[in-house]
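Asker: In this text, residue positions in the sequence shown follow numbering that gives the first Met the number 0: the first is 0, and each later residue adds one.
Cβ coordinates follow ideal geometry from the N, Cα and C atoms, glycine included.
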Amino acid sequence: MLFRSSNCGSNAIGETIAVTATNGAGDALFTAAAPANVNALTSLRLDNRAPTVPTLVQNPNLRQNGWINASVGLNSLNTGATSNGVMVTGANAGGSANCIALATNDCGVSGIVRNVRIAASAAGLVDEARAATASNAATLPAPSAANTTYCGIWSMQDALGNESALPAAGAACTAPALASNSALGATHMLFGVDVAAPTIAFSGGLASNARLSGATVGAEFQVTVSDTGIVGNSGMLSTSSVRGTVQIRQPVGATTCTVGTVVSGVCTPASVNAAPAFPLVPTTVVGALSTVGYYFYSAFSQDAAGNQSAAVTRVIAYDPAANVPALTGALYNIPLNGGSVTFNANANDNFDLRDIRYTLGYAGGLAGPLAYPATAISTFPTASAGAAGVTGFFNSNVAVPVTITNFVRQVEDINTACGALVPAAFGVSGAYKPNALNGYLRDVANNVPAVNPVVTAIAAASVTTGTSFTALAAALKPWNFFVSNGVTAGCVSPAFAAPTNAAVNISTGAGPAAAVNPLSVTLNADSYGPTATYNAPFARVDFYALIGGNLEQIGSATSYATVDDGSANGRRHRWSITWTPGTTSPVTGTAWVLGAQNLYAVGVNAAGDALVTAVNANITLTNP
């Protein structure tokens, strides 16, 4: 047999074997067709050339200082800046069109695998890794104390076992580099392992669901970060420790990717601060912005090994104070009578309306207007839903009605002193109708109309005149009506004694220590009248506290208890509630002002006529 060598530079089919034969007479055999021919593509091939050595990348995909985690592909190719692979080149090119031109390529049998040998390196040399078993499916070693704990040696091996050259014994394993995606000429490098995620938490700056109306957004989104673990602590990624997005959803419908990189129309995370003063990492641009809209922040922390925390989210609303909403005067059907009445108005804003609340004022007889709960117009967006979660804005000709189910058409305030000696002296200071509906509108930045509240005047002729309680028949007319705090009976018939209610302290329960006073008190509204014949004059009794100039309802009673001592005006009807103030009022959520409270009871009959007690100022709110 004759071996003919053909190198890659002249023949792409490799080493071949040509077979010739003669008989004893010297005659050539196989003259018609040789079983093996140097020019035939069926020639046998030999391959004793090792594949090319691989090229490596240190710190793939933004990692730093030789730290890696479980996402790194130890045997994988690196395909770009966001790839987690280590090896850049070294794939087999045998049989390809460039084989002849690139004589350094492996033109052999192919079947290339990517090997790595990994071992702890005590002295920073390659020796321990050289002795380790090669693997084409290497697993991540255990977390390490340092970024120089392990040495890895990478190689290429073909199907016949030819392997690219390993570093010489005693060579120093290449030290870690700080920069990300660093090209490495050597086939070996030191590295450390960190698999624990860092932490991230909000630490000031823009508060959750903040409603801002300054000249610009007044602060940044701020978080603090920290890496965790004693072993495998790579430290925070210095140039990109927090990656996230800030998107602004504007009322015109556009969404701006203020922080982040737009990829295929999607706002993707980018570094929010390239050079923070750890551990505080504020965003770098938000505090100077004046774009009207909802600001959505979403970010995670990242350590040098590529471990990432869970994302934290926050949203705020911003609209300059000059952008005020508008509210029309209310329309209503006349005549206004007891029962249920509806006032209709409309609101507009440049951004998004938040809520509307109303108070109903009277020409007299009450310590202040009656306040009604606010009605939400829009809901503050959920931070986790992001800008895409805002499906619409409420800002154009928005209906903002209020329906008062227990409309009081007439108010009388009793001016008979509790304990008056002459029952016939019962009287009132006057009869008063509602004269104004006051609308309080807010947008999501808490901006209010230029004139606030917006007042709808109610002409007296628009309201049905009620019937005075003083005009009732003698047998049905109240002798007195007052509110007590349940400590004593107050005005007691037949003694006609002066009120004896003692002062009572109750706690809101919001103090730094346990409450030293009760959290509740019983309030009674007592109406006395003729023995045996006196019927309850009210369908219900509402209890009010004066808060910020308005009367806010703190309870209501429709049932009552009756006692009769047989004296001239000894029949008593009593309506009672238990008042537990808590920390805020139940109507507007206003925080209680500590100290003596002004409390009233308002008895209302079925026609919507009301009788108001004198003030009870015996109860003091404390904290604790």
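Given this structure, state the Cα-to-Cα distance separating A49 from A164, to the nearest angstrom.
Answerer: Taking the straight line joining both Cα atoms gives about 8 Å.
Asker: Ignore the nearest five residues each way along the sequence and tell me which others in A90's own chain have a CB closer than 7 Å to its CB.
Answerer: Confidence is the limiting factor: at A90 the pLDDT is only 46, short of 50, which leaves the residue's position unreliable and the question unanswerable from this model.
Asker: Could you tell me which whole beta strand (DSSP E) segments of length 3 or greater appear in the stretch 229 to 316?
Answerer: Runs found: 241 to 248, 254 to 258, 260 to 262, 265 to 267, 279 to 281 and 292 to 300.
Asker: Less than 8 Å between the CB atoms is what I'm expecting for P581 and T507, so what's the real figure, rounded?
Answerer: Looking at the sequence itself, residue 581 is Gly, so the reference to Pro does not match. Contact holds; Cβ gap of about 6 Å.
Asker: What beta strand (DSSP E) runs, 3 residues minimum, are completely inside the stretch 382 to 468?
Answerer: With a minimum length of 3 residues, the continuous beta strand (DSSP E) runs that stay inside the stretch 382 to 468 are 401 to 406, 409 to 413, 427 to 431, 433 to 442 and 453 to 456.
Asker: Report yes or no: do three or more beta-carbon pairs, one from the stretch 58 to 73 and one from the stretch 233 to 244, lie closer than 8 Å?
Answerer: Cβ pair count under 8 Å is three or more, so yes.
Asker: Between the Cα of F481 and the Cα atoms of S134, T464, F542 and A386, which residue gives the shortest distance?
Answerer: For the residues S134, T464, F542 and A386, the minimum Cα distance to F481 belongs to F542.
Asker: Taking only the alpha-carbon atoms, compute the straight-line gap between V601 and S483 and give it to the nearest angstrom.
Answerer: When rounded, the distance between both Cα atoms is 13 Å.
Asker: Rounding to the nearest angstrom, what Cα-Cα distance links S566 and G528 in this structure?
Answerer: For S566 and G528, the distance between alpha carbons rounds to 10 Å.
Asker: With distances taken Cα to Cα, identify the nearest neighbour of G547 among N504, T583 and R539.
Answerer: Closest by alpha carbon: T583.
Asker: Need the endpoints of the beta strand (DSSP E) that A544 sits in, please.
Answerer: Unbroken beta strand (DSSP E) run through A544: R539 to I546.
Asker: At the level of alpha carbons, what is the spacing between L471 and T612?
Answerer: Cα-Cα distance, rounded: 18 Å.
Asker: Name the two residues that bound the continuous alpha helix (DSSP H) containing D126.
Answerer: Looking at the DSSP string, the run of the alpha helix (DSSP H) that includes D126 is D126 to A130.
Asker: Indicate the three-state DSSP secondary structure (helix, strand or coil) for A375 in the structure shown.
Answerer: The answer is strand: DSSP assigns A375 an E or B state.
Asker: What did DSSP end up calling A27 once you bin it into helix, strand or coil?
Answerer: Strand, per DSSP.
Asker: Going straight from the alpha carbon of Y431 to that of P372, what length do you get?
Answerer: Taking the straight line from one Cα to the other gives about 23 Å.
Asker: If you drop the 5 nearest sequence neighbours on each side, which residues of the same chain put their C-beta closer than 6 Å to that of Y331?
Answerer: So the qualifying residues of the chain are F342.
Asker: Could you pull the DSSP bridge partners for G110 from this structure?
Answerer: G110 is not bridged to any residue.
Asker: List the DSSP bridge partners of L475.
Answerer: L475 is not bridged to any residue.
Asker: Using a Cβ distance threshold of 8 Å, determine whether the stretch 334 to 354 contacts the stretch 403 to 414, with at least three qualifying pairs required.
Answerer: Yes, since at least three Cβ pairs between the stretch 334 to 354 and the stretch 403 to 414 fall closer than 8 Å, the two stretches touch.
Asker: Using the Cβ count rule (16 or more neighbours within 10 Å means buried), how would you classify V453?
Answerer: V453 is buried by the Cβ-count criterion.
Asker: According to DSSP, which residues form a beta bridge with E551?
Answerer: Paired residue(s): A544.
Asker: Using CA coordinates, which residue listed in Q301, A158 and Y293 is at the minimum distance from P268?
Answerer: The shortest Cα separation from P268 among Q301, A158 and Y293 belongs to Q301.
Asker: When DSSP builds the beta bridges, which residues end up paired with G72?
Answerer: DSSP lists G84 as partners of G72.
Asker: State the DSSP-derived secondary structure class of A119, mapped to helix, strand or coil.
Answerer: DSSP places A119 in strand when its eight states are reduced to three.
Asker: Which residues does DSSP pair with W574 in a beta bridge?
Answerer: Per DSSP, A524.
Asker: Alpha carbon to alpha carbon, how far is S428 from D412?
Answerer: The straight-line gap from Cα to Cα measures roughly 6 Å.
Asker: With a CB to CB cut of under 6 Å and the five nearest residues on each side skipped, what residues in its chain are close to I553?
Answerer: If we look at I553 and ignore the five residues flanking it on each side, its Cβ neighbours are F542, A544 and W578.
Asker: Using 8 Å for Cβ pairs, my map puts G203 next to N146. What's the rounded Cβ distance?
Answerer: Not quite, the Cβ-Cβ distance comes to about 32 Å (not below 8 Å), so this is no contact.
Asker: Would you tell me roughly how many angstroms separate the C-alpha atoms of A214 and T244, rounded to the nearest one?
Answerer: The straight-line gap from Cα to Cα measures roughly 23 Å.
Asker: Can you check which of these residues, H187, A209 and N394, is closest to T381 by C-alpha distance?
Answerer: Closest option to T381, Cα to Cα, is A209.
Asker: Touching or not, the stretch 556 to 565 and the stretch 355 to 375, by the rule of three or more beta carbon pairs under 8 Å?
Answerer: In short, these stretches do not touch, since the Cβ pair count stays below three.
Asker: Please go through the same chain and pick out, in chain order, the residues whose beta-carbon is closer than 7 Å to the beta-carbon of L518, but skip the five residues on each side of it.
Answerer: The answer, listed in chain order, is I505, S506, G508 and T579.
Asker: Helix, strand or coil: which one does DSSP assign to A470?
Answerer: In this structure, A470 counts as helix in the three-state DSSP scheme.
Asker: Below 8 Å, can you find three or more Cβ-Cβ pairs linking the stretch 112 to 126 to the stretch 142 to 161?
Answerer: Counting Cβ pairs under 8 Å, three or more are found: they touch.
Asker: Pull up the distance between the alpha-carbon of V540 and that of V603, whole angstroms please.
Answerer: One C-alpha to the other measures close to 6 Å.
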